[in-house]
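Taking our numbering, the leading residue of the sequence shown gets 201, the next gets one more, and so forth. Every residue gets a Cβ at the ideal spot worked out from N, C-alpha and C, and that includes glycine. Below is one structure; the comments refer to it alone.
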Amino acid sequence: MKKIILLLTTAVILASCGSSKDVVANQSTNANGYWQQAVDYKMDVDMDVDRYQYTGKQTLVYTNNSPETLDRVYYHLFFNAFQPGSEMDVRSRTIADPDRRVGSRIAALEPNEIGYLHVSNMTQDGTTLQPQEEGTVLVVKLAKALAPGQSTTLKLDFNGQVPVQVRRSGRNNKEGVALSMTQWFPKMAEFDATGWNTSPYIGREFHGVWGNFDVKLTLDKDYTVGGTGYLQNPKDIGHGYDKANSGPAKGKDGKLTWHFNAPMVHDFAWGADPDFIHDVYNGANGVKLHFLYKDNDAIKENWEKLQPKTNEMLKYFNEHIGEYPYKQYSVIQGGDGGMEYAMCTLITGERSYGSLMGVTAHEFAHSWFNHILATNEAKHEWMDEGFTTFISNKAMAYINGEDEGTANSGSYRGYLGLANSGKEQPQTTHADRYEYNGAYGASAYNKGATFLAQLGYIIGDEKRDDVIKEYYNTWKFKHPEPNDFKRVAERVSGFDLEWYLRDWTMTTNVIDYSIENLSSLDGMSVVSLKRNGLMPMPLDIKVTMNDGSEKWFYIPLEEMRGEKAVPNNWTVLNDWAWAYPTYELELDGVDMRSIKSVEIDPMNNMADVDKENNNWSLQE
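As C-alpha cells, this is what we get:
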C-alpha cells in the first residue's frame, strides 16, 4: 500500500511537468521484475556567504521497493573529498596522468579552504542513530530494519564548508563565480539489483535515487541563485524570476529564502553569485530556459547568442530522443568546465562562442542521458558520456548546417587512438579503476559514442535512430544498464546483438579486416578476405571497375541472424561465421582485369583499427 501511495504522490507532483502518467507507469514493478528505490527530501539550509559555511536540516522519507530487508543505509558526503590526504587527493597525486584541474591542489588546501560535510543529531522515525563517517561515505545502521514495501523517515542536521573550487564544486572558481554548489548535501546512496552503490568520491561521476526534493536556501539577498527545480516564491525573491530584470526583494535581515521544488530527479544542484545576469528565454513546449552568467562585458554577447541556440538544441533532442519532461532548464556559469545536474548545468563561461555552444549542447544532452535515463555512471560511464557525445555532436552539426553523418568522426579517431595505444581497458571497468585518466576519457566518450554511431552501420541508421527513441520511452525515469539498451535494440531491429555488446564493451577485442588477395578462377574474380581482429562485423564492400562503375556487396554476420536493409543494387552474400578467419568473395562473371579497386567499408562507418589493409587496387 505504501508503494501505491508513493506513486500517487509522484503523479500529483509531476502533473506540473505534464508527464505524470508516464512516470507512474515507469515506476511500477514491471513484468521482468524491475524495481527501484524512492526518496523524498526536505531540506532547509542557511548559507554564510562570507565564511563559505552552511548548516542544514534534512528530512528524508526512504521507501524500500526492493525484495530485500535493509538493516542499514548509506549516504554520500562528497565535500569530504576536498581535504589533504583524502582518496581523491592521493589518487590524483599517484596516477600517471593526473587531471590537470586537480593535480596536487587538494593537498595544498588550508583548513579554511578545504571542503567538509558532517552529520549530527540523526534519527530514524524518532529513534536516535549513531552514524559512522568513513571519508566520503556515511554508514548508518538502522534502529529498525526496513522490510520490502516499507517507508521510514530519516532526519539529520548537517554542516559544511564549501571548498576552494578544485573539481566541479566549490567557491570562487577561476572565473570569479562565488558558489558552485554541487554534491553539497548528505545524499542517500542507491541500492539496486547489484546491492549498495557506495564507491568513495575519487573524482568520477554519480548514481542517485529517484525522488522529489523540497529545498529552502537562505543566503545574502544580493546573490542570484539558479539550479534544480521550480522556484515556488518568485515574488518574494525577485532577481528576474518574477519579471524581467527585477532586482532582489527586500528580504529579512539582509537575506532571502529561496524555495525550490524538484519532482522526480536524482540530484539537486545550484549556483549563486552577486553579479549574475539572469535571462529567461521561452523555449519549445513551454520550457523556460534560464541563463545565469557574470556581468562581464567580454562574455555578454556570447551568452546572449547562446540562448536561441539552446532552444534549437532542445528541439533537436526532443525530436531525436524524446520530449524533455520538465518545464525549466538552467545554464549557469560556474564549476571548472562543464557538468550536468538535474534541470541544470554548470559550465565555465569565458569561452569562444563555438566552445560555449559545444559545452552547452553536451551538458544539455545529459538531461536525457543520465538525468532522465539514469545509468550508473560509475559502472557504465560509456552509456552516459558516449551516448551524450554522439547525440550532441549530431545536434551541433545540424544547428551549424554541417553533415550529421560525419559528426562523430572525431569519436572514431579518439577510439582508434585508444585501441592502438596498448592502454585500453574493457568498458566494464569501474570508472575509478582505470589505470590512466586518458584511457577512461577515450573509453567513456569516444568509444561510447562510436558504439552508437557504429550501431547505425550494423542495423541501419534509421533503425538505430528508432532504437534511441524506444530506449528513451522504455527506460526514462529508471536506471537502465547495458543489457537493457541491447534488448531494446534487438526488439526494434529484429537482430541478435549479444555479440556486439559483448565484444565491444566487455573486452578489448578489435575490429580488423583485410583484403589479402584478388585472384582469378575459371574466369571468375575471387576477393580473399581475412578477419585479423577478434571482434566480428558484417561487411560493406565496394568494387570499382575500370570504367568507373561500382558494384556493392554486403556480407552479413551469421550471429546477427539477419541482414540490414541495403540498396536494391547491392548484392547480399552468404553469412560469414566468426570462427572462420577467411572468406572468399566470388565475383561471378567479373574479369579480374576489369577491376580497378576493392574496398572494405568505403564510407568509414566501421571502427577498423588498421584501414591500410582495407583496400586493394590494380598495381600499375
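Where Met760 is concerned, there is no enclosing beta strand (DSSP E), because DSSP gives it neither an H nor an E. Comparing alpha-carbon positions, the option among Leu338, Tyr612, Val772, Val239 lying closest to Leu757 turns out to be Val772. Within 10 angstroms of the beta-carbon of Ser817 lie fewer than 16 other beta-carbons, which makes it exposed. For the pair Met388 and Glu519, the Cα-to-Cα distance works out to about 34 Å. For Ala238, the beta-bridge partners assigned by DSSP are Thr263.
Three or more Cβ pairs drawn from the stretch 358-369 and the stretch 277-289 lie within less than 8 Å of each other, which places the two stretches in contact. Judged by beta-carbon spacing, Tyr713 lies within the 8 Å limit of Leu729, meaning their Cβ atoms are closer than that value. Here Leu417 is not near Trp384, since their CB atoms are 8 Å or more apart. The beta-bridge partner set that DSSP reports for Ser728 consists of Asn717, Glu784.
Classified as buried, Glu540 has 16 or more neighbouring CB atoms from the shown chains inside 10 Å of its CB. Per DSSP, reduced to three states, the secondary structure at His679 is coil, with no helix or strand assignment. Under a 10 Å Cβ-count criterion, Gly762 is classified as exposed, with fewer than 16 other Cβ atoms of the shown protein chains found around its own Cβ.
By the neighbour-count criterion, in which 16 or more other beta carbons inside 10 Å mark a residue as buried, Gly426 falls on the buried side. Gly440 is classed as buried because its beta carbon has at least 16 other beta carbons within 10 Å across all chains shown.
Here DSSP, grouped into helix, strand and coil, assigns Met735 to coil. Around the beta carbon of Pro267, fewer than 16 other beta carbons lie within 10 angstroms, which makes this residue exposed. Secondary structure of Glu334 (DSSP, three-state): strand. The beta carbon of Lys686 is closer than 6 Å to those of Leu697, Leu701 in its chain, skipping five residues each way along the sequence.
Under DSSP, Val339 forms a beta bridge with Tyr274, Gln332. The DSSP-derived three-state label of Lys416 is strand.
At a Cβ-Cβ threshold of 8 Å, Thr589 and Gly648 count as neighbours.
Apart from sequence neighbours up to five positions away, the residues of its chain that approach Trp770 with a beta-carbon distance below 7 Å are Trp752, Phe753, Tyr754, ordered along the chain. With respect to Leu514, Gly483 sits close: the two C-beta atoms are nearer than 8 Å. Nearest in C-alpha terms to Gly789, of all of Ala343, Gly723, Lys676, is Gly723. Exclusion of the five residues before and after Val766 leaves Tyr754, Val772 as the residues of its chain whose Cβ lies within less than 7 Å of its Cβ.
The criterion of a C-beta distance shorter than 8 Å is satisfied by Asp297 and Gly638. Beta bridge pairing from DSSP links Lys742 with Trp752, Glu799. Under the three-state reduction of DSSP output, Pro400 falls in the coil class, being neither helix nor strand. The bridge partners DSSP lists for Trp816 are Val798. Spatial neighbours of Thr424 in its own chain (CB-CB distance under 6 Å, excluding positions within 5 residues in sequence) are listed in chain order as His439, Phe476, His478. Between the alpha carbons of Pro738 and Tyr241 lies a distance of about 50 Å. Setting aside the 5 residues that flank it on each side, Lys669 is surrounded in the same chain by His520, Ile521, Gly522, each with a C-beta closer than 8 Å to its C-beta; the list follows chain order. In this structure, Ala347 lies near Thr269, with their beta-carbon atoms less than 8 Å apart.
Ile599 places its beta carbon 8 Å or farther from that of Ala565. If you ignore the 5 residues before and after Lys450, its C-beta comes within less than 8 Å of the C-beta of Lys421, all in its own chain and listed in chain order. DSSP, read as helix, strand or coil, puts Asp497 in helix.
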